[in-house]
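Chemist: Numbering follows the numbering used here, with no gaps: position 87 of the sequence shown is 88. A virtual CB, placed ideally from N, CA and C, is assigned to each residue, including glycine.
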Amino acid sequence: MELVPNLSTWICADGYADANPERTVRFLRALNKCYDYREADLDRIIRGAADFAKSVDLGVEFENLNGERDQMVFIDSAQGKKNLEDGTLRRYFQVHLDYLKNSGRVESGNVDDYIRFDLMKKAYE
């Protein structure tokens, strides 16, 4: 079985980040705070997600969500910054892109054309 990172990412409309770099950086900083909050109390986060799922009748229970936690890798902002600085994050995106190309899901691409590593770096400053 081939292991491919399934990175949790956010997208914006074409040109938005270029037109709104400060706003995009603020959004990324807020995400980093969320990642740190999750890292500090993952049990509470899972419980909250399960409570929400129950409130909108998604049919997902705490046990379902909690049972998947060992299959996921959650990182905080310190690890995210390290992964960005040492090239790990770029390599993960490249592996994912290569997988998509090899499977025929995308024809071409370059991670530097669609991942805004520059704005991520600013968000960590």
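Using a Cβ-Cβ cut-off of 6 Å (strictly less than) and excluding sequence neighbours within five positions of Arg91, which residues of its own chain qualify?
Modeler: Around Arg91: no qualifying Cβ.
Chemist: Return the Cβ separation of Ile47 and Leu32 in integer angstroms, given the expectation that the two are a contact with Cβ distance under 8 Å.
Modeler: No, Ile47 and Leu32 are not in contact; Cβ-Cβ is about 18 Å, not under 8 Å.
Chemist: Where does Glu126 sit, in a helix, a strand or coil, going by DSSP?
Modeler: coil
Chemist: With distance defined between alpha-carbon atoms, name the residue in Asp87, Leu29, Gln72 and Gln95 nearest to Asp114.
Modeler: Gln95
Chemist: Taking DSSP as the reference, what is the three-state secondary structure of Leu4?
Modeler: coil
Chemist: What did DSSP end up calling Asn111 once you bin it into helix, strand or coil?
Modeler: coil
Chemist: Output yes or no for whether 8 Å exceeds the beta carbon distance between Thr25 and Ala14.
Modeler: With a cutoff of 8 Å on beta-carbon distance, Thr25 and Ala14 are scored as not near each other.
Chemist: Under the assumption that Asp77 contacts Tyr36 (Cβ atoms under 8 Å), give the Cβ distance between them as a whole number of angstroms.
Modeler: Taking C-beta atoms under 8 Å as the contact rule, Asp77 and Tyr36 qualify, at a distance of about 5 Å.
Chemist: Rounded to the nearest angstrom, what separates Trp11 and Ser104 at their Cα positions?
Modeler: 22 Å
Chemist: What does a CB cutoff of less than 8 Å around Asp87 pick up in its chain, not counting 5 residues either side in sequence?
Modeler: none
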